[in-house]
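Peer 1: One structure coming up, written as structure tokens, with questions to follow.
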């Protein structure tokens, strides 16, 4: 059963005592939230408790940290700013959000899930998990000084979208939310009409995109299948410009053949997400090509809704400065430009490594069978994208 935060009393158990102390004190959350060492956390938490007249020692806190299973999340507590949605799940037949405290920690990893993993390993996150009803999100987010997204990034996959996002994230003025699962949980809702879903999407974006360090811009990099949801995003953010990034199909298919993305695993992303079928249940190269085609066709079909720009991978990274940022209405400072250019020379998915161009290697690695699949499934939509891009330039 989920826990509820109750008033601290002399007879309360240690976990309830500690939670009541910390979750009502934002300054104490800030003091404890980023500590990585379990022993240091236990000592600081015990010191804080004792300073407030509570009988709680470091050994007891350590025992709580190492308890198995982990303490249950807390229901019935409204999170303070600095907590971000981590997961949307069904609880008692109703959708609920589990929140993780980020405090002032920036989202500078390549993907939102990478940031979540780092936070989940912290001692604070082991003891302080909060869950609220999804239906409460709109009221909670309304209290935030929510900023409208400055730009939306849609993409084919394996085509430079992570590079663009990492370059944007190099500026301290930007919040970049990259492929956050809670956003996908909203787009997949089939029990809401268009206006209600758009309102919920705005609320989720406000929660994820909190300006926690004085940031002035918010960018969203969506999952590849969200190109098919472009009308929803335009409905939610009618004045927000967007780009669709794509790449020569053979290069993308070779990348997927070497390491499949989640979108190519039917058990993780159902084929219906792309409007395709998989009668024999085997996600072969033809299935992967059909998925990529559906993603690209989403961009082609919805391009007339307005606000969009098409960018080919071969134009990156310079296109961020010459096309994407101007399209987003952003004029970065010299310091921002310097940081973004520095990020461009690093591998977007492994920033500790230098970037190495791999287009030629992938084209040479393509088998005749793979090239045939690309020709049959992807060449036409790729040519359409190229023609539309040329007409828009």
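Residue numbers (my numbering): 1 to 393.
Glycine is no exception: its CB is placed at the ideal position from the N, C-alpha and C atoms.
Alpha helix (DSSP H) containing residue 62: first to last residue?
Peer 2: First-last of the alpha helix (DSSP H) with residue 62: 58-65.
Peer 1: With residue 197 as the anchor, note down where its alpha helix (DSSP H) starts and where it stops.
Peer 2: 194-208 is the extent of the alpha helix (DSSP H) around residue 197.
Peer 1: Under 8 Å: do the segment 82-93 and the segment 175-191 share three or more Cβ pairs, one atom per stretch?
Peer 2: Contact holds: three or more Cβ-Cβ distances are below 8 Å.
Peer 1: What are the start and end residues of each continuous beta strand (DSSP E) run of 3 or more residues lying completely inside the segment 87-153, in chain order?
Peer 2: 94-101, 130-133, all fully within the segment 87-153.
Peer 1: For the beta strand (DSSP E) holding residue 178, just list the boundary residues, first then last.
Peer 2: Residue 178 -> beta strand (DSSP E) spans 174-178.
Peer 1: Would you decide whether residue 336 is buried or exposed? Buried here means 16 or more other CB atoms lie within 10 Å of its CB.
Peer 2: With 16 or more Cβ atoms within 10 Å of its Cβ, residue 336 is classed as buried.
Peer 1: Confirm, please, whether the CB-CB distance from residue 308 to residue 230 is below 9 Å.
Peer 2: Yes; because the gap between Cβ atoms is below 9 Å, this pair is in contact.
Peer 1: Under 8 Å, with one C-beta from each stretch per pair, do the segment 146-154 and the segment 323-333 reach the 3-pair mark?
Peer 2: Flag = yes, the segment 146-154 and the segment 323-333 touch.
Peer 1: Indicate whether residue 254 and residue 363 have their beta-carbon atoms separated by less than 9 Å.
Peer 2: Cβ atoms of residue 254 and residue 363: closer than 9 Å.
Peer 1: Note down, in chain order, each residue of its chain lying with its Cβ closer than 6 Å to the Cβ of residue 343, except the 5 sequence neighbours on either side.
Peer 2: Hits under 6 Å: 166, 167, 170.
Peer 1: Taking buried to mean at least 16 other C-beta atoms within 10 Å of its own C-beta, is residue 345 buried or exposed?
Peer 2: Exposed, by the Cβ-count rule.
Peer 1: Could you check where the beta strand (DSSP E) with residue 243 kicks off and where it finishes?
Peer 2: It spans 242-246 - the beta strand (DSSP E) in which residue 243 sits, taken as one unbroken run.
Peer 1: Kindly indicate which three-state DSSP category residue 346 falls into: helix, strand or coil?
Peer 2: Strand at residue 346.
Peer 1: Mind reading off the beta-carbon distance from residue 52 to residue 21? Whole number of angstroms is fine, and I expect it under 8 Å.
Peer 2: Indeed they touch by this definition, with Cβ atoms about 7 Å apart.
Peer 1: Hey, would you say residue 65 sits closer than 9 Å to residue 38, going by beta carbons?
Peer 2: In contact: residue 65 and residue 38 (Cβ atoms closer than 9 Å).
Peer 1: Taking the C-alpha atoms as reference points, what is the distance between residue 8 and residue 26?
Peer 2: Confidence at residue 8 is low in this model, with a pLDDT of 44, below 50, so its placement is unreliable and the value that follows should be read with caution. Taking the straight line from one Cα to the other gives about 17 Å.
Peer 1: Rounded to whole angstroms, how far is the Cβ of residue 299 from the Cβ of residue 233, which I believe are closer than 8 Å?
Peer 2: Actually they do not touch by this definition, with Cβ atoms about 12 Å apart.
Peer 1: Taking the alpha carbon of residue 392 as the point to measure from, which residue in 306, 44, 379 has its own alpha carbon closest?
Peer 2: The option with the nearest alpha carbon to residue 392 is 306.
Peer 1: According to DSSP, what are the bridge partners of residue 324?
Peer 2: DSSP lists no partner for residue 324.
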